[in-house]
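What follows is a short report on a single structure.
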Ligand code: SF4
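Numbering (the working numbering), first residue to last: 1 to 158.
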C-alpha cells in the first residue's frame, strides 16, 4: 500500500484530536474530487512497518492525547489497500483498545466484499459513498455531499 500524507496530530478529520492517514488509490473518480492526486495506487510513498509503528506510538502518546485514528485517502477500502489496512486496524484494536477508528470510503456499506466488511467490523465510524457534486453542502460535518452516510457502530470494547 502507498500513502500520501500522515498527520501525527489532526483536529479536522473526525472528532477530537487524532492521527490521520491519507492512503493512495481510489477507483471512484468522483466529479469534483478534492484529492485527485491520490487516485493512482502507485502515487505517494510506500507505507512501511516503521510508519505503522509510528502510528501506534502516536496513539499511545500521553503528552498529546489522541482520541483515535482516521483513515482517508484515496480510499482505504481500495482492493490494493485492504490487506494492509486490515493488519493496521487489527493492530490498533489489539494495542490501543481505548482509541476509536474513523474511515472514509467511496464504497457503500451494503456493497462491501468480505474483506472490506471484516475491516469495517473493526472500526467505529464509517462515512460511506461517493462524493456527489450536485449534493455538495458546505454545512455538512465530516462529509461533503448529502448522499454520504455517517455510520456509527457500537463495538464491544471489552
Ligand atoms: S471517493 Fe473520495 S478520493 Fe475517491 S474520487 Fe471520490 S472524492 Fe475522490
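Note that the Cβ used here is the ideal one computed from N, Cα and C, for glycine as well.
Contact test: residue i Cβ vs the ligand SF4 heavy atom, cutoff 7 Å
{"i": "residue 108", "result": "no"}
{"i": "residue 28", "result": "yes"}
{"i": "residue 159", "result": "In the structure as shown, the chain begins at 1 and stops at 158. Residue 159 is therefore absent and cannot be evaluated."}
{"i": "residue 35", "result": "yes"}
{"i": "residue 20", "result": "no"}
{"i": "residue 74", "result": "yes"}
{"i": "residue 130", "result": "yes"}
{"i": "residue 38", "result": "yes"}
Own chain residues within Cβ distance below 8 Å of residue i, not counting five before or after
{"i": "residue 37", "result": "4, 43"}
{"i": "residue 158", "result": "The pLDDT assigned to residue 158 is 45, lower than 50, so where the model puts this residue is not dependable, and the model offers no usable value."}
Beta-carbon gap between residue i and residue j smaller than 8 Å
{"i": "residue 124", "j": "residue 153", "result": "yes"}
{"i": "residue 130", "j": "residue 28", "result": "yes"}
{"i": "residue 119", "j": "residue 140", "result": "no"}
{"i": "residue 99", "j": "residue 66", "result": "yes"}
{"i": "residue 151", "j": "residue 109", "result": "yes"}
{"i": "residue 48", "j": "residue 76", "result": "no"}
{"i": "residue 95", "j": "residue 56", "result": "yes"}
For residue i, three-class secondary structure by DSSP
{"i": "residue 45", "result": "strand"}
{"i": "residue 66", "result": "coil"}
{"i": "residue 158", "result": "At residue 158, the pLDDT of 45 sits below 50, so the modelled position is not reliable; the number obtained from the coordinates is stated separately. In this structure, residue 158 counts as coil in the three-state DSSP scheme."}
{"i": "residue 21", "result": "strand"}
{"i": "residue 58", "result": "helix"}
{"i": "residue 152", "result": "strand"}
{"i": "residue 112", "result": "coil"}
{"i": "residue 146", "result": "coil"}
{"i": "residue 125", "result": "strand"}
Same chain, Cβ closer than 6 Å to residue i, five either side skipped, listed in chain order
{"i": "residue 145", "result": "131, 132, 135, 136"}
{"i": "residue 115", "result": "82"}
7 Å CB neighbourhood of residue i in its chain, flanking five on each side removed
{"i": "residue 22", "result": "3, 4, 5, 38, 72, 73, 74"}
{"i": "residue 58", "result": "8, 19, 66"}
Buried versus exposed, by CB contacts within 10 Å (16 or more), residue i
{"i": "residue 34", "result": "exposed"}
{"i": "residue 149", "result": "exposed"}
{"i": "residue 46", "result": "exposed"}
{"i": "residue 64", "result": "exposed"}
{"i": "residue 97", "result": "exposed"}
{"i": "residue 121", "result": "exposed"}
Any chain B beta carbon closer than 8 Å to residue i
{"i": "residue 111", "result": "As a matter of chain content, chain B is missing from the structure shown, which is built from one protein chain."}
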